[in-house]
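Residue numbers (this note's numbering): 18 to 169. Just so you know, even glycine gets a beta-carbon here, dropped at the ideal spot from N, CA and C. None of these values were measured; they are calculated from a predicted model.
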Amino acid sequence: MKNALRVLAVCVAAAVTIPSVSAQSFQKPEDAIKYRKAAFTVLAAHFGPLGAMANNRIPYNAQQAAEHGAILEVVARTPWAGFGAGTNQGDTRAKPEIWTEQAKFKDAGDKMQAEMMKLAAAAKSGSVEQLRAAFGPTAATCKACHDNYRRD
Ligand code: ASC
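(1) Sorted by chain position, which residues of the same chain lie with C-beta nearer than 6 angstroms to L136's C-beta, five sequence neighbours on each side aside?
(2) Am I right that A82 and M129 are in contact with their C-beta atoms under 8 angstroms? What's the rounded C-beta distance?
(3) In terms of DSSP beta bridges, what is R167 paired with?
(4) For the ligand ASC, is there any heavy atom lying closer than 6 angstroms to the beta carbon of A139?
(5) Specify, as a first and last residue, the run of the alpha helix (DSSP H) that G86 falls within.
(6) How is the alpha helix (DSSP H) around Q44 delimited, first residue to last?
(7) Taking the beta carbon of G153 as the centre, do at least 16 other beta carbons fall within 10 Å, making it buried, or is it exposed?
(8) According to DSSP, simplified to helix, strand and coil, what is P96?
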């Protein structure tokens, strides 16, 4: 029992500490840009299959859905640290408004993150209906940011 509690404590600590990236994580602005792009690539790679399941393009698989959800839950918290000062220029489609309207950008990011947490919970629920209900609103928050803050 004591051991089980210790294992649980370590897992909880890991879950809390893994995503705590900060602007200080990057030596150069290019590293932050690469980091945030990689984070969005990982998000898309795990979001896409959930959409395919929600829309019946692939069969629903509860185990796979849960794994995708678990990854989204962690990774959705990470890209934001990659948008620090000085990371507005370089190999990026990020629009300048991200840095000139920081409160609005943060709000849009917070909304995406909140919907991703709900989607992750739905993906872990074992219910395709819950997955379907959560997918559309989450996709809308992705799109809102792309429309406002990403160049084509
Ligand atoms: C994806 C993906 C996005 C979003 C967006 C939602 O799977 O790669 O950028 O969903 O298309 O509208």
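This is what the structure gives:
(1) To locate residue 136, count along the sequence shown from 1; it is residue 119. Around L136: A151, T155.
(2) Locating residue 82 in the sequence shown gives position 65, where the first residue counts as 1. Locating residue 129 in the sequence shown gives position 112, where the first residue counts as 1. Not really, about 19 angstroms apart at Cβ, beyond 8 angstroms.
(3) Counted from its first residue, the sequence shown places residue 167 at position 150. R167 is bridged to A111.
(4) Mapped onto the sequence shown, residue 139 falls at position 122. No, since every heavy atom of the ligand ASC falls outside the 6 angstroms radius drawn around the Cβ of A139.
(5) Position 69 of the sequence shown, counted from the start, is the residue given in the question as residue 86. It spans 79-92 - the alpha helix (DSSP H) in which G86 sits, taken as one unbroken run.
(6) Indexing the sequence shown from 1 puts residue 44 at position 27. Premise fails: Q44 is in no alpha helix (DSSP H) and is neither H nor E.
(7) Residue 153 sits at position 136 when you count from the first residue of the sequence shown. So G153 counts as exposed.
(8) Position 79 of the sequence shown, counting from 1, holds the residue named residue 96. In the displayed model, P96 falls within a helix according to three-state DSSP.
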